[in-house]
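J.: First the structure, then my questions, so here it is.
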Amino acid sequence: MESTGTEWDERWGIVCRGFEKFCETLESKNLTFLECFDIHLAIDILLDSGYEDKVYEGCKQLLISYIYETDLPFWKVYEEDDEVDDEGFLRELELRWLNHKKVMKWLSDYFCSLDHHIKIKGLETLREGGLYFFRRLVFNDMRSRASDIILDWIDQERDGSEIDRELVKRVITLFKKLGKLDMFYDLYFEAWMLNRTEIYYSRKALRHIEEDSCPSYLLMVEECLRREKDRVAHYLHPDTEFSLLMKTQVTLLIKPAYQLLGKEESGLCIMLQKNQKEELSRMYKLFSKIYKGLEPAAFIFKEHVKSIGEALIRKDAEKICRKKAESNGDTIEQEKALIDNVIKVHQEYLSYCDDCLEQDTIFQNALQEAFESLCNMKIDGVFIEEILASYIDSIIQDQLGPFKGLYNHHARMKLEEIVKLLVYLNEKDLFANFYRRKLSLRLLQNRDASTVVEMNFLKRLKQQFGNHFTHKMERMIEDLTSANNREAKFKEYLKKNLPQNRGPSLKVTTLNSWFWPKFKSCNFNLPAEMNDYIEDYGKYTERMKRKITWVFALGDCNVTGIFERKQIDLQVSAYQAAILFLFNTSDKMSFQEIYKLLRIPEIELKGWLHSLCCGRYKILRKEPNTKEVSSTDFFEFNSKFTGARTIEVQAPSSYEKENLVEKVEAITGGYNLGAIIVRTMKDRKILRYQELIDEVKQAVKRLFKPSVEETEDRPTKQEIEEKIEYLIDLKFLARLGKDKNVYIYIECFYAQALKKNSLRPWK
53 MESTGTEWDE
63 RWGIVCRGFE
73 KFCETLESKN
83 LTFLECFDIH
93 LAIDILLDSG
103 YEDKVYEGCK
113 QLLISYIYET
123 DLPFWKVYEE
133 DDEVDDEGFL
143 RELELRWLNH
153 KKVMKWLSDY
163 FCSLDHHIKI
173 KGLETLREGG
183 LYFFRRLVFN
193 DMRSRASDII
203 LDWIDQERDG
213 SEIDRELVKR
223 VITLFKKLGK
233 LDMFYDLYFE
243 AWMLNRTEIY
253 YSRKALRHIE
263 EDSCPSYLLM
273 VEECLRREKD
283 RVAHYLHPDT
293 EFSLLMKTQV
303 TLLIKPAYQL
313 LGKEESGLCI
323 MLQKNQKEEL
333 SRMYKLFSKI
343 YKGLEPAAFI
353 FKEHVKSIGE
363 ALIRKDAEKI
373 CRKKAESNGD
383 TIEQEKALID
393 NVIKVHQEYL
403 SYCDDCLEQD
413 TIFQNALQEA
423 FESLCNMKID
433 GVFIEEILAS
443 YIDSIIQDQL
453 GPFKGLYNHH
463 ARMKLEEIVK
473 LLVYLNEKDL
483 FANFYRRKLS
493 LRLLQNRDAS
503 TVVEMNFLKR
513 LKQQFGNHFT
523 HKMERMIEDL
533 TSANNREAKF
543 KEYLKKNLPQ
553 NRGPSLKVTT
563 LNSWFWPKFK
573 SCNFNLPAEM
583 NDYIEDYGKY
593 TERMKRKITW
603 VFALGDCNVT
613 GIFERKQIDL
623 QVSAYQAAIL
633 FLFNTSDKMS
643 FQEIYKLLRI
653 PEIELKGWLH
663 SLCCGRYKIL
673 RKEPNTKEVS
683 STDFFEFNSK
693 FTGARTIEVQ
703 APSSYEKENL
713 VEKVEAITGG
723 YNLGAIIVRT
733 MKDRKILRYQ
743 ELIDEVKQAV
753 KRLFKPSVEE
763 TEDRPTKQEI
773 EEKIEYLIDL
783 KFLARLGKDK
793 NVYIYIECFY
803 AQALKKNSLR
813 PWK
């Protein structure tokens with residue numbers, strides 16, 4: 053059934069008059085029950101008569117007319133008068149919104165019958181339309197001023213003023229409700245607020261960074277962040293918290309980070325020097341919340357550690373060099389002081405990482421980089437690897453003293469600190485060579501001492517650096533045990549094959565040169581008393597087809613001196629014993645006579661004679677009676693010498709046993725021969741024996757420039773062969789089938805291909 057235009061006008065007029073009456077007070081009670089009934093009835097009749105579209109459009113026009121007649125005049129007043137009270141503006145804006153919600157509710161209640169039509173046609177709901185018209189016609193023009201007022205108030209609150217937080221919260225909520233997908237709040241309030249926040253805190257940072265110390269500045273930042281959190285909790289939207297705090301942190305901390313932390317009188321370096329742990333923890337807490345925020349602090353931390361460490365190392369290194377320049381200068385104490393200082397610095401800054409910086413990886417890496425630089429410093433005349441080996445030697449020597457075999461807590465902690473430093477070394481092989489040098493002397497000088505201390509420390513090194521690092525060291529200890537067995541067999545041989553009571557006895561320690569560092573050997577003419585036993589041992593080893601190289605300088609002798617007053621047992625070196633035996637057949641001898649009989653190099657002979665006639669115990673007398681030994685001097689047995697029942701005659705200071713181990717080998721070992729061989733084989737895959745030898749020598753020449761004459765021909769062919777065998781044991785290399793002169797690099801796919809004969813390395 054179709055309706056006439058008169059019906060529309062009549063029915064719609066009832067709705068319009070009812071709406072106008074409601075708008076007068078915005079109270080539903082302003083309409084009587086009958087009026088409300090008539091409005092509902094009119095709308096239902098129009099909808100039933102097919103006027104759904106006209107009713108929908110008419111409803112929208114009612115809302116628009118209300119906005120034009122009521123809301124826009126308010127905005128024009130505030131637009132024309134900039135001096136209108138800001139608080140009044142916000143309250144009026146809030147009132148307009150509340151009234152608008154009442155209007156939308158009235159329309160939604162009376163036009164609820166339209167919902168089905170709206171849903172079918174896919175139109176905007178009345179609520180969505182109401183938000184749209186208020187946003188487009190009212191709020192779009194008011195939002196800028198509303199935002200400016202709120203942002204001004206926030207800045208005032210930051211300066212200490214009080215504001216109406218509840219009013220601000222309600223207006224900000226309006227931004228959130230009117231925005232489509234939060235667009236209004238994000239674009240027209242939050243973005244502006246973050247920009248104003250940056251401006252505000254940039255000025256604040258500029259002012260405070262000049263006036264405040266670094267700890268005071270950090271306290272100020274901490275308080276600012278606390279207040280910003282409080283601001284979010286009271287009137288800003290929770291989603292804003294992250295962006296607001298991040299903007300505050302970046303502005304106050306990241307932008308001035310280097311200037312702040314680098315302050316000369318109160319920056320990070322000063323906090324570290326003064327052990328200000330609370331301030332350091334606060335710094336970490338603040339900067340760690342920012343992405344890459346700790347990078348400036350970590351950089352300054354690293355440079356500070358390097359600066360402190362380098363100053364200490366250079367100072368101690370100068371002391372070592374000065375001491376070395378002195379005649380017979382002993383640098384043990386200076387070297388200990390250097391390592392103690394490095395350990396102290398490492399412990400101190402490691403404790404900062406653990407206690408104040410929450411073991412953060414970035415600071416641990418910074419500490420590692422700093423100590424890698426420190427532990428690999430190149431200082432003329434000083435090898436840090438050698439000093440570390442000497443330091444360990446002194447600790448272990450103490451354990452081999454009065455408390456033999458005791459591995460006490462203090463020593464264990466010291467050695468643990470040293471291991472931490474060893475990790476930073478680039479030339480770990482160089483340290484290993486120096487350490488083997490020290491270990492060899494300890495083992496040979498303390499034959500009766502327990503090896504518990506040595507094995508415990510080697511176990512720790514193996515745990516840290518792997519089996520290959522300690523392989524030769526462990527074999528040295530095993531070889532020494534085997535040497536004792538070999539010595540026992542030699543004694544049995546003597547009992548069976550030689551007459552008893554032949555005079556002096558001989559105790560021989562036979563070592564495998566494969567595992568031990570090279571020792572300096574000096575052959576000389578032995579007196580008959582000593583030579584007989586040497587020949588006997590030579591006969592004993594001939595049947596075992598072993599090549600024996602004697603190192604007499606490492607030997608000790610116990611001889612009995614028959615003086616006028618008493619007999620005295622003398623503990624002397626093999627060289628000293630050989631010299632003393634000469635005076636069994638002659639009371640007085642010239643230097644040249646002694647030299648011709650023994651054939652000890654002249655310079656060394658002077659040192660040994662000096663130790664016997666010019667040292668603490670003057671077993672020989674010298675003519676003329678001067679403090680230096682010359683080639684024209686004469687020597688005679690001092691029969692009137694007296695002393696304790698047993699005395700130990702010191703060796704020349706220039707001929708300490710430590711110098712008998714070839715230091716050149718330890719130093720030139722720094723080019724890491726094993727690594728060069730592995731790298732060469734990894735590139736070439738398969739090489740014949742001579743090709744590998746030649747390529748390794750060429751690689752060493754490219755990488756290492758010898759600084760002493762002895763190193764120019766290193767590495768020797770024997771050294772390369774030994775290292776190849778060692779790498780075969782470690783499964784880095786292998787021989788190709790039965791051909792012992794061809795080596796392959798062990799790599800899964802390559803080895804498998806060779807087994808299948810699918811690859812031919814050469815024709």
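Following our numbering, the numbering of the sequence shown begins with 53 at its first residue and continues without gaps. Here a beta-carbon is modelled for each residue, glycine too, at the ideal position from N, C-alpha and C. Being a predicted model, the structure only gives us computed values, none of them experimental.
#1: In its own chain, which residues sit with a C-beta less than 7 Å from the C-beta of Glu559, not counting the 5 before and 5 after it?
#2: When you compare only the Cα positions, how much space is there between Lys221 and Leu83?
#3: Do the region 642-653 and the region 565-573 meet, that is, are 3 or more Cβ pairs less than 8 Å apart?
#4: Let's test the definition: count the other Cβ atoms within 10 Å of the Cβ of Leu258 and tell me whether it reaches 16, buried, or not, exposed.
#5: Go ahead and pull the three-state DSSP assignment for Ile652.
#6: Helix, strand or coil, according to DSSP, for Ile642 in the structure here?
#7: What does DSSP give as the partner residue(s) for Lys674 in the beta ladder?
#8: Which of helix, strand or coil does DSSP assign to Ser160?
#9: Would you call the region 93-111 and the region 62-79 in contact, with 3 or more CB pairs under 8 Å?
#10: Per DSSP, what kind of secondary structure is Lys792 in: helix, strand or coil?
#11: Along the chain, where does the alpha helix (DSSP H) that runs through Ser446 open and close?
#12: Which value, in whole angstroms, describes the spacing of the CA atoms of Cys111 and Arg283?
#13: Quick one, which of Leu532, Ile172, Gln451 and Leu477 has its alpha-carbon nearest Lys466's?
#14: Would you check if there are 3 or more beta carbon pairs closer than 8 Å linking the region 289-302 to the region 243-250?
#15: Between the alpha carbons of Asp200 and Phe141, how many angstroms are there, rounded?
#16: Compute the distance between the beta-carbons of Leu332 and Tyr404, then report whether it is under 8 Å.
#17: So, with DSSP's three-state summary, where would you put Glu762?
#18: Let me know if Cys164 comes out buried or exposed under the rule of 16 or more other beta-carbons within 10 Å of its beta-carbon.
#19: As a quick exercise: from Ile529, Gly518, Val223 and Phe486, pick the residue whose alpha carbon is nearest that of Leu496.
#20: To the nearest angstrom, how far is it from the Cα of Asn793 to the Cα of Arg740?
#21: Hey, quick one: how far does the beta strand (DSSP E) through Cys321 stretch, first residue to last?
#22: From Asn460 to Leu510, what does the alpha carbon distance come to, in whole angstroms?
#23: Measuring CB atoms only, is the region 615-625 touching the region 680-694, in the sense that at least three cross pairs come out at less than 8 Å?
#24: Going by DSSP, name the residue or residues bridged to Cys609.
#25: Under DSSP, the alpha helix (DSSP H) around Glu214 begins and ends at which residues?
#26: Taking all protein chains shown into account, do 16 or more other C-beta atoms lie within 10 angstroms of the C-beta of Glu72, making it buried, or fewer, making it exposed?
#27: When you compare only the Cα positions, how much space is there between Leu115 and Glu59?
#28: If you reduce the DSSP assignment to three classes, tell me which class Arg787 lands in.
#29: Are the beta-carbon atoms belonging to Ser359 and Ser318 less than 8 Å from one another?
#30: What number of angstroms, rounded off, separates the C-alpha of Val107 from the C-alpha of Ile119?
#31: Please classify Lys524 as buried or exposed, where buried requires at least 16 other C-beta atoms within 10 Å of its C-beta.
#32: Helix, strand or coil for Phe571? Go by DSSP, reduced to three states.
#33: Going by Cα to Cα distance, which pick from Lys81, Asp382, Ile776 and Glu104 is closest to Thr732?
#34: If you draw a straight line from the C-alpha of Ile796 to the C-alpha of Tyr476, how long is it?
#35: Mind checking which residues open and close the beta strand (DSSP E) that includes Glu700?
#36: Beta carbon of Asp204, beta carbon of Glu139: below 8 Å?
T.: According to the structure data:
#1: Sequence check: residue 559 is Lys here, not Glu. Taken in chain order, the residues that qualify are Glu539.
#2: Computed Cα separation, rounded: 34 Å.
#3: In short, these stretches do not touch, since the Cβ pair count stays below three.
#4: Exposed, since its Cβ has fewer than 16 Cβ neighbours within 10 Å.
#5: Shown here, Ile652 sits in coil according to DSSP, grouped into three states, outside any helix or strand.
#6: Before going on, a small fix: residue 642 reads as Ser here, not Ile. Of the three classes helix, strand and coil, the one that applies to Ser642 here is strand, per DSSP.
#7: Looking at the DSSP assignment, Lys674 forms a beta bridge with Phe687.
#8: Looking at Ser160 - three-state DSSP - the assignment turns out to be helix.
#9: Flag = yes, the region 93-111 and the region 62-79 touch.
#10: Judged by DSSP in its simplified three-state form, Lys792 adopts strand.
#11: For Ser446, the enclosing alpha helix (DSSP H) begins and ends at Ile436 to Gln451.
#12: Cα to Cα, Cys111 sits roughly 41 Å from Arg283.
#13: Taking only the C-alpha atoms, the option nearest Lys466 is Gln451.
#14: At 8 Å Cβ cutoff, the stretches touch.
#15: Taking the straight line joining both Cα atoms gives about 12 Å.
#16: Yes, these two residues count as a Cβ contact at 8 Å.
#17: In this predicted model, Glu762 has a pLDDT of only 42, less than 50, meaning its place in the structure is not dependable; the value taken from the coordinates is given anyway. Three-state result, Glu762: helix.
#18: It is exposed - the Cβ of Cys164 has fewer than 16 other Cβ atoms within 10 Å.
#19: If you compare the alpha carbons of Ile529, Gly518, Val223 and Phe486 with that of Leu496, the shortest gap goes to Ile529.
#20: The straight-line gap from Cα to Cα measures roughly 6 Å.
#21: For Cys321, there is no enclosing beta strand (DSSP E); the enclosing alpha helix (DSSP H) covers residues Leu320 to Gln325.
#22: Their backbone Cα atoms lie some 16 Å apart in a straight line.
#23: Verdict: yes, contact present.
#24: In DSSP, Cys609 forms a bridge with Val624.
#25: Unbroken run through Glu214: none, as it is neither H nor E.
#26: Exposed, because fewer than 16 other Cβ atoms sit within 10 Å of the Cβ of Glu72.
#27: Computed Cα separation, rounded: 23 Å.
#28: Correct three-state label for Arg787: strand.
#29: No; because the gap between Cβ atoms is not below 8 Å, this pair is not in contact.
#30: It is roughly 19 Å from the alpha-carbon of Val107 to the alpha-carbon of Ile119.
#31: With 16 or more other Cβ atoms within 10 Å, it is buried.
#32: Strand, per DSSP.
#33: Relative to the Cα of Thr732, the nearest Cα in the group Lys81, Asp382, Ile776 and Glu104 belongs to Ile776.
#34: If you take the alpha carbons of Ile796 and Tyr476, they lie about 32 Å apart.
#35: Residues Thr698 to Glu700.
#36: No, these two residues do not count as a Cβ contact at 8 Å.
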